[in-house]
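Each residue of the sequence shown is one higher than the one before, counting from 1 in UniProt numbering.
Taking it in order: structure first as structure tokens, then the write-up.
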Amino acid sequence: MARSRTSLCDALTAALPAGSKEQISKNTPIWPAFKGKVRYIYTRSRSCEPLYSPSPGCDPEQTQLSSHFLTTSVAVVQTAKTSIFMTDLLNKQQEGVLGIGIEVLIYSTKHTTTLFVSKVDTTGYVVNHPPSRIKIICTTFIKWLVGIERQKHPNRKVVVSLFARAQSQYLFPGSAENGLKRPLDDRQLIKWWAKVLDPLLDTSASGQPRSASSSTDVCGYLTIPGYSKHELMSYLPRNEHQHARSWKPGHPLLELSKTRGLPPDAPPRSMLPRFPDDPKSRFMQDLDDEVGLTESYSVTVSPAKRKSGRWNNVRDLDRFWEAMEFRQECSSGRVVGFLWVVIDSAEASSNGELIAENGGSQESANSCADSDRAATPTPSAKSSPSKRKRKRLTGPVISRQPRLKNGSSSLTASSADLDTMIDSQRGDGLLISREGYDKAMQTLLHLDFANVEAAARSTTKWVAEVASSCGLTGDWGVDIIGTAENVGAGDRSREERSAASNEPAEVNDLGGMVRKKKRKAGESAVTEHQDESKADAQNAVNSLNGAAVRKKPKAAAT
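This is the structure in structure tokens:
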């Protein structure tokens, strides 16, 4: 029996704040609860290009890809704009204004499931009172997807991967011009993403009570090209987690290659994933072009390159990250951070060790079994059962409506299929075709969010475009209201917490931490003598001798 899971809307409702019931300080207003609409579209898993380049002599890994896109919107009157001129369009508009968007691509292979956070962007129209609504929505959505993948494949290793690179806008054109958006710089963005992924370290790998032997099943990693391990520590969260889980400076690529069954001396191009619009992927493509390697393995330099599958100057992963420092995207004052969170289970770790020991024996065994099966002679035609005779049809002919072939790939769907495509009661999202998903993303990238009226018009157009692709009419969003109490209490400052509890703020006295410079024994005696002489000089009476006194000459008598 399948375990029941929480819907996305229920998870967001439970995570978003319900609003502050009391005033934290005199200068802090009472914050209202988050109210908005959630629109979530996703595609079915389909075959795609391999995420990793195959090792020499090995077949590419069969990879499945599914796309997931979540947006949240707020009503026009609840936007961060202080004064809005309500036009007829804004008064009649019901879809609200898009405020947050996040896209996640899920790559599934035989051994791992990789969640790549492709794009995250905001329009600036969502009032971002502390705690951050954007951070809560991103964390909850990623955790919800991780929970679904772990429930479907409990023995697989789940990897959450992303790269942090500051940019004014990713998904919402014109949003950088409305004056409400506050983009973070490179260093702030890396720290922000580390805080977003930090709650994943509290994930239970198997759902069972954990033992001390399996206390390192979840770990976070951070790599910034050109930064040492000591410099990376300032970007990592300092929160304490159960089972001594923590963040580490570095990357998990060697660990993941071992899980995939690669030998330790495998080419680095076989250990690095190729994500879309990723600085690593562009650098890997340039290295492939230098030696004539392509994804189809058509080598134009020499047969030796085809046999080894290695680059000229980059021979291992350490050299790859050193060379990434000099790329244009990671130099000239720009900082790009690469983050991972690896979630493993006891079953997956044991299977990964067996796969690493056996190498490619499993694939070879399967191929041998297939060849043996092909070599086995088939039974004669006499031994096969006779074909069943079809009875002659009689009676009235009942007409039926024609049905399109291969309807799953079309942009429209029948009314019977819509019940399985969307469940507005649970809020698990809208299942959409690959063509419809691409059209929805392309439509979003050609809209305008420079002001409230343009953003409202663009939101209505995008919602209608997605609905028409699925054969729906009207708005398909789900309303949510935050119900979480005391969210982000730990994010308050010391003064805010003391004001909320009516306690005096603690004064930070640093007097005991000031160290005086120690003097040597010889210097102390000389200094004391000098101090005494200075004191005597200040207290002594200044008397002048007779030679120093000038008398006024007397006038000559006449």
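Just so it is clear, CB atoms sit at the ideal spot from N, CA and C, and this is done for glycine as well.
In chain order, Leu253, Ser257 place their CB closer than 6 Å to the CB of Met271, counting only its own chain and leaving out the 5 sequence neighbours on each side.
Going by DSSP, Trp321 is part of the alpha helix (DSSP H) stretching over 317–324.
Residue nearest to Ala164 within the set Ile432, Val336, Arg457, Lys439 is Val336 (criterion: CA-CA distance). Contact holds between the segment 59–67 and the segment 104–114, because three or more Cβ pairs, one in each stretch, are under 8 Å apart. In the DSSP assignment, Tyr227 falls outside any beta strand (DSSP E) and carries neither an H nor an E.
Beta-bridge analysis with DSSP links Leu65 to Arg46, Tyr107.
Annotation: the continuous alpha helix (DSSP H) that includes Ala15 extends over 8–15. Judged by DSSP secondary structure, Ile343 falls outside any alpha helix (DSSP H) and instead within the beta strand (DSSP E) spanning 337–343. In this structure, the alpha-carbon of Lys439 lies about 10 Å from that of Leu445. A direct Cα-to-Cα measurement between Pro249 and Gly482 gives close to 35 Å.
For Pro263, the closest of Trp476, Thr473, Tyr42, Pro56 by C-alpha to C-alpha distance is Pro56. For a cut-off of 8 Å, the C-beta gap from Asn128 to Ile137 is around 11 Å, too long to register as a contact. DSSP lists no beta-bridge partner residue for Val127.
For Asp198, the closest alpha carbon among the candidates Tyr227, Lys35, Val342 is that of Val342.
For Tyr235, the closest of Ile224, Ala244, His241, Gln242 by C-alpha to C-alpha distance is Ile224. For the pair Gly96 and Ala80, the CB atoms are not nearer than the 8 Å cut-off. Here Gly220 is bridged, per DSSP, to Trp247, Val341. Here the alpha carbons of Met284 and Ser53 stand approximately 10 Å from one another. Counting of Cβ neighbours within 10 angstroms places Lys389 among the exposed residues, the total staying below 16. Under DSSP, Asp479 shares a beta bridge with Lys37. For Leu145, the uninterrupted alpha helix (DSSP H) segment begins and ends at 133–152. For the pair Asp428 and Val146, the Cα-to-Cα distance works out to about 14 Å. Of the other Cβ atoms in all chains shown, 16 or more fall within 10 Å of the Cβ of Asn178; this residue is therefore buried.
Bridge partners of Phe116 according to DSSP: Leu105, Ser161.
In the three-state DSSP reduction, Val463 falls in the helix class (H, G or I). Taking a 10 Å sphere around the C-beta of Leu431, we find 16 or more other C-beta atoms and assign the residue as buried. For Asp121, the three-state secondary structure derived from DSSP is strand.
Rounded to whole angstroms, Val126 and Thr71 show a C-alpha spacing of 12 Å. Approximately 45 Å separates the beta-carbon atoms of Cys330 and Gly471; this is outside 8 Å, ruling out the contact. Bridge pairing for Thr72: Val38, Ile100 [DSSP].
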